[in-house]
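Chains as they are written, first to last, in our numbering: chain A, 552 to 773; chain B, -19 to 222.
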């Protein structure tokens, strides 16, 4: 069986795969950054007591979480142009990933904030600290710690979800695999290589998260 | 110094504070006791508006605490609050816990705040512990840090919400000692506690609450030795025999 596995064709297609890898990597990085910003803003709106920003945030989060990403991508890519708004594939893909991941990140951050004991907030309030100070000194330093592992998980999901962009013909990793398959009919080699590169990105992200966790989180001393 | 005028508060249908009228004067030590759910914690939490009231007036140092528009930042700085569960910030050292409010609310310099904080740590008997994290301290030590944190704002009033109820019996004494010292410095204090020894030793007045009402008030001797109401007598016999 292994005799049938053709490494030569992988080498032949390597330059294309590297282009695909670069594209997946860049799309992911940009989407992650935008999704984090979206998530933080959505979460801030969600937990604020102000109704006109709270309810739109809830609607956004629930709509995204209750529909498949592929449907969201198709809506943006095929739906919006019929309504008169045309965005190129890559940008469409980034917007879809940003909106999708942003909703999940908003909930992750909210869970982190809620995990901080209410009593510490009361201690902050009763010593006269205002809302921003309580967030900055008491809540966020502790929320960050519990938030990093699930945030890493969400970012990994985003990278893998970016494979769906192949369906709107964004030339990323998975799309490269599809191209090679259709040109040479070697799906085993093609998707093995694709999978390998996704793993590489995964381990890079994991290393980054481990590093940031060591740097950013306080460790309770015992 | 603290005045409640016809204060009413409901949690849903539960009438937690029922027409409370109360005056606490400067330097007075008031002990509040009563069965659980009687509204005693709620009462002192209203003083710095950790709880809002629906009806009546609360006036502290001529600030109208019940008014929505009142800016409470300054007032809260003048009132120290000590919780049953300490509520220290676990990610900060003892010193950082104590300095946080003086630096950020009172806007005094870090150097000055550190000096004050060290002094307060001395006062609660924890001189060498400034660099420790809360998790490294015993319950009694944590509660004393919490008291020092309150004192660092140089408050005129200290509120204690069952400060010894979450402690192991052997640690209760060290916390009460710190509180007794505060009394001798003339601090105005409201203490929710069932520590009769403490009440008898330092309280000017004991206030007994039940079902949201102030049932009885009196000097500690009057209250513990010859309670006027059956409800108070029953309560006292219960805490004595437990």
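Where a beta carbon is used, it is the ideal one built from N, C-alpha and C, also for glycine.
Closest by CA to residue i, which one among the options?
i	options	result
residue 225 (chain B)	B:16, B:113 and B:29	Only positions -19 to 222 of chain B appear in the structure, and residue 225 (chain B) is not among them; the question remains open.
residue 715 (chain A)	A:608, A:633 and A:643	A:643
residue 713 (chain A)	A:646, A:637 and A:617	A:646
residue 29 (chain B)	B:-18, B:166, B:69 and B:-6	B:-18
residue 565 (chain A)	A:731, A:764 and A:718	A:731
residue 63 (chain B)	B:194, B:-5 and B:122	B:122
residue 696 (chain A)	B:103, B:71 and B:-10	B:71
residue 639 (chain A)	A:628, A:699 and A:649	A:628
residue 250 (chain B)	A:615, A:651, A:677 and A:594	Nothing in the structure corresponds to residue 250 (chain B), since chain B is present only between -19 and 222.
residue 40 (chain B)	B:4, B:92 and B:99	B:4
residue 119 (chain B)	B:198, B:151, B:170 and B:140	B:151
residue 581 (chain A)	A:633, A:649, A:560 and A:689	A:649
residue 193 (chain B)	B:212, B:153, B:109 and B:130	B:212
residue 93 (chain B)	B:104, B:107 and B:78	B:78
residue 200 (chain B)	B:148, B:172, B:11 and B:127	B:11
residue 55 (chain B)	B:135, B:195, B:88 and B:154	B:135
residue 659 (chain A)	A:568, A:734 and A:699	A:699
residue 587 (chain A)	A:666, A:626 and A:709	A:709
Run the CB neighbour count on residue i, radius 10 Å, all protein chains shown included, and call it buried at 16 or more, exposed below.
i	result
residue 655 (chain A)	buried
residue 160 (chain B)	exposed
residue 669 (chain A)	exposed
residue 21 (chain B)	buried
residue 765 (chain A)	exposed
residue 680 (chain A)	buried
residue -8 (chain B)	exposed
residue 774 (chain A)	What is shown of chain A runs 552 to 773, which leaves residue 774 (chain A) out entirely.
residue 749 (chain A)	buried
residue 706 (chain A)	buried
residue 210 (chain B)	exposed
residue 572 (chain A)	buried
residue 651 (chain A)	buried
residue 125 (chain B)	buried
residue 755 (chain A)	exposed
residue 634 (chain A)	exposed
Find the residues of chain A that neighbour residue i, judging by a C-beta separation of less than 8 Å, and give them in chain order.
i	result
residue 122 (chain B)	Neighbours of residue 122 (chain B) on chain A: none; closest Cβ ~12 Å, over 8 Å.
residue 172 (chain B)	Correct list: empty, because the minimum Cβ distance to chain A is about 14 Å.
residue 53 (chain B)	679 and 681
residue 133 (chain B)	678 and 679
Residues in the same chain with beta-carbon distance under 8 Å from residue i, minus the five sequence neighbours each way, listed in chain order, please.
i	result
residue -14 (chain B)	-1, 0, 1, 35, 36 and 37
residue 156 (chain B)	144, 175, 177 and 178
residue 53 (chain B)	85
residue 684 (chain A)	675
residue 111 (chain B)	73, 74 and 75
residue 133 (chain B)	57, 58, 60, 81, 82, 85 and 86
residue 726 (chain A)	571, 716, 717 and 720
residue 624 (chain A)	643, 644, 647, 715, 716, 718 and 719
residue 621 (chain A)	715 and 718
Would you mind telling me which residues of chain B sit closer than 9 Å to residue i, beta carbon to beta carbon, in chain order?
i	result
residue 763 (chain A)	Under the 9 Å cutoff, chain B gives no residues; its nearest Cβ is about 16 Å from residue 763 (chain A).
residue 693 (chain A)	69, 70 and 71
residue 600 (chain A)	Result: empty, since nearest Cβ-Cβ is about 14 Å, beyond 9 Å.
Could one say the Cβ of residue i lies closer than 8 Å to chain D's Cβ atoms, at least one of them?
i	result
residue 666 (chain A)	No chain D appears in the structure shown, which is made up of the protein chains A and B.
Can you list the residues of chain A that residue i reaches, using a CB-CB cut of under 7 Å?
i	result
residue 28 (chain B)	677
residue 81 (chain B)	678, 679 and 680
Within its chain, find whatever has a CB closer than 6 Å to the CB of residue i; leave out the 5 residues flanking it on each side and keep chain order.
i	result
residue 163 (chain B)	9 and 182
residue 219 (chain B)	174
residue 14 (chain B)	20, 188, 189 and 190
residue 65 (chain B)	146
residue 689 (chain A)	671 and 675
residue 616 (chain A)	654
residue 613 (chain A)	none
residue 25 (chain B)	31
residue 158 (chain B)	104, 124 and 127
Below 7 Å CB to CB, which residues in the same chain sit around residue i once its five sequence neighbours on both sides are set aside?
i	result
residue 557 (chain A)	737 and 740
residue 167 (chain B)	138
residue 771 (chain A)	At residue 771 (chain A), the pLDDT of 45 sits below 50, so the modelled position is not reliable; the number obtained from the coordinates is stated separately. Nothing meets the Cβ criterion.
residue 598 (chain A)	661 and 664
residue 773 (chain A)	Per-residue confidence for residue 773 (chain A) stands at a pLDDT of 36, beneath the threshold of 50, marking its modelled position as unreliable; the derived number appears in the next sentence. Within the same chain, residue 773 (chain A) has no close Cβ partners at all.
residue 702 (chain A)	656 and 659
residue 148 (chain B)	119
Kindly list, in the order they appear in chain A, the residues whose Cβ is closer than 9 Å to that of residue i.
i	result
residue 57 (chain B)	678 and 679
residue 85 (chain B)	678, 679, 680, 681 and 684
For residue i, which residues in chain B fall below 8 Å Cβ to Cβ?
i	result
residue 670 (chain A)	63, 65 and 67
Can you pull the chain B neighbours of residue i, defined as C-beta to C-beta under 7 Å?
i	result
residue 495 (chain A)	In the structure as shown, chain A begins at 552 and stops at 773. Residue 495 (chain A) is therefore absent and cannot be evaluated.
Exercise for review: Mind listing, in chain order, the continuous alpha helix (DSSP H) runs of no fewer than 4 residues lying wholly within the segment 13 to 51 of chain B?
Suggested key: DSSP assignment within the segment 13 to 51 of chain B yields the following whole alpha helix (DSSP H) runs of 4 residues or more, N-terminal first: 20 to 27.
Check your understanding: Enumerated in chain order, which unbroken segments of the beta strand (DSSP E) with a length of 3 residues or greater are wholly contained in the segment 49 to 130 of chain B?
Key -> Runs found: 59 to 62.
Review point. Which parts of the segment 655 to 703 of chain A are runs of the alpha helix (DSSP H), unbroken and 4 residues or longer, counting only runs that do not cross its ends?
Key: For the segment 655 to 703 of chain A, whole alpha helix (DSSP H) runs of length 4 or above, ordered along the chain, are 669 to 677.
Review point. Quick one: complete alpha helix (DSSP H) runs, 4+ long, within the segment 609 to 664 of chain A?
Key: Taking only runs of at least 4 residues, the alpha helix (DSSP H) segments lying wholly in the segment 609 to 664 of chain A are 620 to 625.
Point to revise | beta strand (DSSP E) runs wholly inside the segment 125 to 167 of chain B, at least 3 long, in chain order | key: Fully enclosed beta strand (DSSP E) runs of 3 or longer: 137 to 141.
Practice item. Can you check the segment 165 to 200 of chain B for any alpha helix (DSSP H) of at least 4 residues that lies completely inside it and give the ranges in chain order? Key: Every alpha helix (DSSP H) stretch that sits fully inside the segment 165 to 200 of chain B and reaches 4 residues is listed by chain position as 176 to 182.
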